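Chains as they are written, first to last, in UniProt numbering: chain W, 1 to 769; chain C, 1 to 769. Don't be surprised by glycine CBs; every beta carbon is placed ideally from N, CA and C. All of these numbers come straight from a predicted model, not from anything done at the bench. Below is one structure, written out as structure tokens; the observations come after it.
2 protein chains.
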Amino acid sequence: MLQQNRDPNMVNAGDMNGSGNLMDFLDEPFPDVGTYEDFHTIDWLREKSRDTDRHRKITSKSKESIWEFIKSLLDAWSGWVVMLLIGLLAGTLAGVIDLAVDWMTDLKEGVCLSAFWYSHEQCCWTSNETTFDDRDKCPQWQKWSELLVSQSEGASAYILNYFLYIMWALCFAFLAVSLVRVFAPYACGSGIPEIKTILSGFIIRGYLGKWTLLIKTVTLVLVVSSGLSLGKEGPLVHVACCCGNFFSSLFSKYSKNEGKRREVLSAAAAAGVSVAFGAPIGGVLFSLEEVSYYFPLKTLWRSFFAALVAAFTLRSINPFGNSRLVLFYVEYHTPWYMAELFPFILLGVFGGLWGTLFIRCNIAWCRRRKTTRLGKYPVLEVIVITAITAIIAYPNPYTRRSTSELISELFNDCGALESSQLCDYINDPNMTRPVDDIPDRPAGPGVYSAMWQLALALVFKIVITIFTFGMKIPSGLFIPSMAVGAMAGRMVGIGVEQLAYHHHDWIIFRNWCRPGADCVTPGLYAMVGAAACLGGVTRMTVSLVVIMFELTGGLEYIVPLMAAAVTSKWVADAFGKEGIYEAHIHLNGYPFLDVKDEFTHRTLATDVMRPRRGEAPLSVLTQDSMTVEDVETLIKETDYNGFPVVVSKDSERLIGFAQRRELILAIKNARQRQDGVVSNSIVYFTEDPPELPPNSPHPLKLRRILNLSPFTVTDHTPMETVVDIFRKLGLRQCLVTRSGRLLGIITKKDVLRHMAQMANQDPESIMFN
Amino acid sequence: MLQQNRDPNMVNAGDMNGSGNLMDFLDEPFPDVGTYEDFHTIDWLREKSRDTDRHRKITSKSKESIWEFIKSLLDAWSGWVVMLLIGLLAGTLAGVIDLAVDWMTDLKEGVCLSAFWYSHEQCCWTSNETTFDDRDKCPQWQKWSELLVSQSEGASAYILNYFLYIMWALCFAFLAVSLVRVFAPYACGSGIPEIKTILSGFIIRGYLGKWTLLIKTVTLVLVVSSGLSLGKEGPLVHVACCCGNFFSSLFSKYSKNEGKRREVLSAAAAAGVSVAFGAPIGGVLFSLEEVSYYFPLKTLWRSFFAALVAAFTLRSINPFGNSRLVLFYVEYHTPWYMAELFPFILLGVFGGLWGTLFIRCNIAWCRRRKTTRLGKYPVLEVIVITAITAIIAYPNPYTRRSTSELISELFNDCGALESSQLCDYINDPNMTRPVDDIPDRPAGPGVYSAMWQLALALVFKIVITIFTFGMKIPSGLFIPSMAVGAMAGRMVGIGVEQLAYHHHDWIIFRNWCRPGADCVTPGLYAMVGAAACLGGVTRMTVSLVVIMFELTGGLEYIVPLMAAAVTSKWVADAFGKEGIYEAHIHLNGYPFLDVKDEFTHRTLATDVMRPRRGEAPLSVLTQDSMTVEDVETLIKETDYNGFPVVVSKDSERLIGFAQRRELILAIKNARQRQDGVVSNSIVYFTEDPPELPPNSPHPLKLRRILNLSPFTVTDHTPMETVVDIFRKLGLRQCLVTRSGRLLGIITKKDVLRHMAQMANQDPESIMFN
């Protein structure tokens, strides 16, 4: 109809009355505009300005009616509501996971006759027949051998229990890996590398979906119960982020804005750590230091709220049965002495070395899994590793029990009531035994055998963790790392204690360790070692110390912890700057521009921009001389995510930037819905297209999708500045000009590839845009 | 010599051998290049790239020799050394200030005969003649009346003590205000608004100087001892920042780079709060949330280190004599109940209202002081306020003692041994008295009179604090704010307690407050009130809760604190978004671009840029057609801080940006040191000036001072994006282009003025650039 209209004035009239004004048509956003493709990077500036627009609209509407005003209030409050919901759900899930893991771990050894859903401890607590001393043994709790062949001692009972232990472990692990493979492949791993990447502005659809949430929660219980050398802390962060994603999809403020959604996810990560360790402040700092990318201060306050709600929800579920928030509650009775800093720093060195070893070996193994046939049999791999773990772990009491129980025991000070093998000291019969403040004593045979078992357990944990982390099951490495450090620390601690007891006349001990004094606390060494190893692997600093501080609840022991954490970080950094999460991000080729990396090379924007010298010239659109067909050809022939729009091919003066995705959508829509737009219609990006000769086809006005404020830098801009701009503003691409002329383009991928090249890495490892 | 050289080839030879190659000459930076003028804004991007340059140089040099390698190691370690030194000095100063304040506060009432430098408490502790019950009364400590007229009781003794109390107070205050006026005018106030501005990238020379440090420390002791309604916490942050500035001036890495120096200052602020409250984690979060602007994560770790060192230094000085880190250590014995949230939220509302009232009145009074004759008599003002404070404060026991002691008493739970008037409850004679867990009891006459006195003290504190904060003496408002809140809170707490005791059959009390139970802790109410009032005035959130959490040391009471802090912030924000520090920044017209403010207006860069429509065109330099004289005239006639350089006046295509300060320095240097540069020499900003005709004067090549990567945005860029860019990248100015042509310039001042205009404030209030 419009095509037949010969009078140019009538064209306008037709526009107004006919198929609608072109500008109006584009004012209504067509579907999918403003969304991103999977495995692409978002544009933070655009998301932010879209949110401001939305906010402006709501504010101006809210003055119109009371209903709109209430709606605007609800909108303003929705952030807090989302936080509350995340806290409640994350806390509940963490509590349920804790309870289920407790029960299923014990199920490998036996069952409660009075109620099969009770764990060993619950079973005996509810029993009336046990005395205070013998809380672990009660008739209701039966080992499998007792139940099946009515034998509780002897070799055959042992072998039966051993066999059933392995069978249960294999069964749990098989179930877990099958569930992950069939229902939610994204549920594997710790999830923190991917969450870091997502928070930095990358899209991985389904990674935080409902199925992932469900399957990860279920399989996490299974794999932790199966006795594999892995922890639930990292995956809990992933689970909390899934909760965050779920609740943010309920509010349009967050669901329709990828930038705002990431604010919620940052807070959810804090809630996840908060429930993992019972450390809300540590959780917020972890999210700030380790996970988040853009962390506006408003988010800090909300994250804190979410972390607190989660922690209190968990406490009201009370899975540990002790009303404590924290996973490992410890109370020490003696201060530490200056001379002890030396072993603490040694533990720091150990932590750093362990971190380096672990990262190198694990990455090498994961790379092998990715590149060789090994990766094709994930189920078999899990089964084999589980079998090896179970076979080796069962005979050693320190590996048979769950890793968190082990850490808890290693952290504990030997009180008077302690019955653990680790506390088997020879008591002076002449001394009355006060409950606290027991002096250092010579080690008994139990301690010596415990030392041997711990040493074996340590070697086993070190080796098996390297192979476990990265399999196709949910797996965290906070707990295994801490266990390695705690075992090493406890052994060093007992060593120092015995040294001080037997050689209290040495100069270094003389001042603070008289006979009969309680001067060395081996449990503190275990804690310091755990912090050092965790620091070596993850390179956390402040959040690590704060989490540990929240565990002990006193500033007293913060100096040893800091000394170990600092040493461990320095030692590990000397061998390579990357923590385990960054290493996995690189391994997977995610486009993650680390805030902590410093770019110190002397290159300029002109060295990085495309096209390089000798390459074909930059594909550009002109503002008023290309036809629809030209544009379509350009889109078909290239795979760029967007095209700069210039005044003309000769002048190359930049007008704006058009996204590929929106160009395609706009042209498709125009061809379907607008009469008169044909292949040789001219595409106009100018404000007012000139009046066309009567015969020419109807023009396509696309100014609406043109980004009129594309980011530009000059070709002389140092790359360190460009990197800084990409990081701080969260750009996808940036145009390069020289004295007003467009020269080229730099995308985030170009920046990352350049950085990889400068660091002598393979630039092709950066795969996504 | 060069001017006479007719052969163009010889010019180059002359260049090389004679006065030196021009580029070489400019490669050696002439003095003052890269520094900033007083009351100007720094360019963060430039500072950062200068630091990277320095770092690159050191790294490449370090491979040359072992000595250079050691030097590079020392350079890398200097950051930690600075932190250590700051922590040590800040902790020591805080300890000294605490001890001195203790002594001088007591000096107003009496003197220790055995050693005049002992405070009351120390005097009686060292005495052997006191019994446990009567620790406050010992013969060595003599009130002035006892010493002078040998009378300790009676009206005349009272009047004498009263008179001497006022005299001492006046004496201290006079000394303080005179010292500040004569030696260090910058030592007045809390310092936090200025430190925020400095950290955001502003230069105020001398504000963190050695004199300021010294005078602020001394006068802080004087004013706190004089009994004025002010605290030492804010000024301690200033003192710590002065320490930071002092130590950073010792290392060229920090002294020569304004950006790096600010990293040190951020950490110093954390150390300041850490010693002020004994809360290292709270200090770091305070610095992050409230004070700092650019806070790289590396700084977080170092800040934490500095804060810890400071806290432990303070503890080893042990000024409170109790080995405690924290200012107000509290331990409560009873949990709180859900129903108590209502009074807690009420306290939050009170805190918000107090915050609003205080900010409005204080700003109005300070504005009056600035604009009327009042400001001309700062000494008189201080004397009058001190006199009024002393006269009113003495008769009331709750205002006579130091404010921190008052807060400490209000926070305390009434134990069995408590002798305070506030704990004068009527005991049930039939009950045995356990030490802890005393049930709620009816209030005795002491409590009732204490309530009256507290009410009067509350009104007095509210009024006098408004007039005190902002006088020309060091003054913080953490402590007065907390005192207001603690008094209100304690009164509410006692009210609820008595209500619950007398009406324990009401529905709301029935569930948790049976007779004989200890259900209400008035001290907790005082703490919640203090948090609410502090939050209302400063609008701190996370750091406030964390500081309070570190005071109580348990997560138990974090929910009441959060509820009050959130309510207080919401109530206060409803009346105005600015906290007291932001309000003072605005009052003083500092160019502070707040990270927390959201810019939500729909304006574009073109609306803000200069020149506006109708104004004279932008002053620009051309790359190769202006003479030295032209440039000098332009500099003389305008006061812009820099000039864009374009290809030619016609094309207006942008080449770069030249700083005014560097242009002046370069021309001055060239005229002095380079023969042949005369007024009609052509100034070249191009890479290779064309060969000149033989007769023409020697050209001046200034490409070296040209910033080839000036920041540009298009005229269509929304102002919210521009504001974001200014904030995140720390720009001084930004050029505006349209399709490659230079249109105008936006400076930080323009942005701030535009924001003020949009918020219906006076844009002229922004005074600095």
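Leaving aside the five residues before and after residue i along the sequence, list all residues of the same chain whose C-beta is less than 6 angstroms from its C-beta, in chain order.
| i | result |
| --- | --- |
| S78 of chain C | F251, K253 |
| Q498 of chain C | A443 |
| F305 of chain C | M83 |
| C242 of chain C | L208, T212, L213 |
| D750 of chain W | V608 |
Can you list, in chain order, the residues of its chain whose CB lies under 7 angstroms from that of residue i, leaving out five sequence neighbours each side?
| i | result |
| --- | --- |
| L458 of chain C | V484, M487, A488 |
| I494 of chain W | A443, V447, M451, P522 |
| I585 of chain C | P193, K196, T197, F592 |
| E28 of chain C | For E28 of chain C, the predicted model reports a pLDDT of 49, less than 50, meaning its position is unreliable and no value from the coordinates is stated. |
Helix, strand or coil for residue i per DSSP?
| i | result |
| --- | --- |
| C734 of chain C | strand |
| K728 of chain W | helix |
| Q659 of chain C | strand |
| L454 of chain W | helix |
| K701 of chain C | strand |
| F643 of chain C | strand |
| Q140 of chain C | coil |
| V180 of chain C | helix |
| P395 of chain W | coil |
| R741 of chain W | strand |
| T627 of chain C | strand |
| G614 of chain W | coil |
| E28 of chain C | No answer about E28 of chain C holds up, because its pLDDT of 49 lies below 50 and its placement is not dependable. |
| N680 of chain C | coil |
| N707 of chain C | strand |
Tell me which residues share the same chain as residue i and place their Cβ nearer than 8 angstroms to its Cβ, disregarding the 5 neighbours each side in the sequence.
| i | result |
| --- | --- |
| L374 of chain C | R368, E381 |
| I725 of chain C | F711, V713, L731, C734 |
| F295 of chain W | S266, S287, L288 |
| S696 of chain W | I682 |
| D38 of chain W | I203, I204, R205 |
Let me check one thing: in DSSP terms, what residues is residue i bridge-paired to?
| i | result |
| --- | --- |
| G189 of chain C | C:P474 |
| T202 of chain W | The identity of residue 202 of chain W in the sequence shown is Phe, whereas the question assumes Thr. Looking at the DSSP assignment, F202 of chain W forms a beta bridge with W:T41. |
| A443 of chain W | W:Y425 |
| T712 of chain C | W:T712, C:L735 |
| T747 of chain C | C:Q733 |
Run the CB neighbour count on residue i, radius 10 Å, all protein chains shown included, and call it buried at 16 or more, exposed below.
| i | result |
| --- | --- |
| S156 of chain W | exposed |
| M626 of chain C | buried |
| residue 775 of chain W | For chain W, the structure presents residues 1 to 769; residue 775 of chain W sits outside this window and is missing. |
| K370 of chain W | exposed |
| S481 of chain W | buried |
| L544 of chain C | buried |
Assuming residue i and residue j form a contact by the criterion Cβ under 8 angstroms, report the distance between their Cβ atoms to the nearest whole angstrom.
| i | j | result |
| --- | --- | --- |
| G525 of chain W | R490 of chain W | The sequence as given places Tyr at residue 525 of chain W; Gly does not occur at that position. At roughly 6 angstroms, the Cβ-Cβ gap stays under 8 angstroms, so Y525 of chain W and R490 of chain W are in contact. |
| C519 of chain W | D440 of chain W | 6 angstroms |
| V537 of chain C | G476 of chain C | Wrong, their Cβ atoms sit about 11 angstroms apart, outside the cutoff. |
| A563 of chain W | F202 of chain W | At roughly 37 angstroms, the Cβ-Cβ gap does not stay under 8 angstroms, so A563 of chain W and F202 of chain W are not in contact. |
| K376 of chain C | V180 of chain C | That belief does not hold up - the Cβ atoms of K376 of chain C and V180 of chain C are roughly 16 angstroms apart, past 8 angstroms. |
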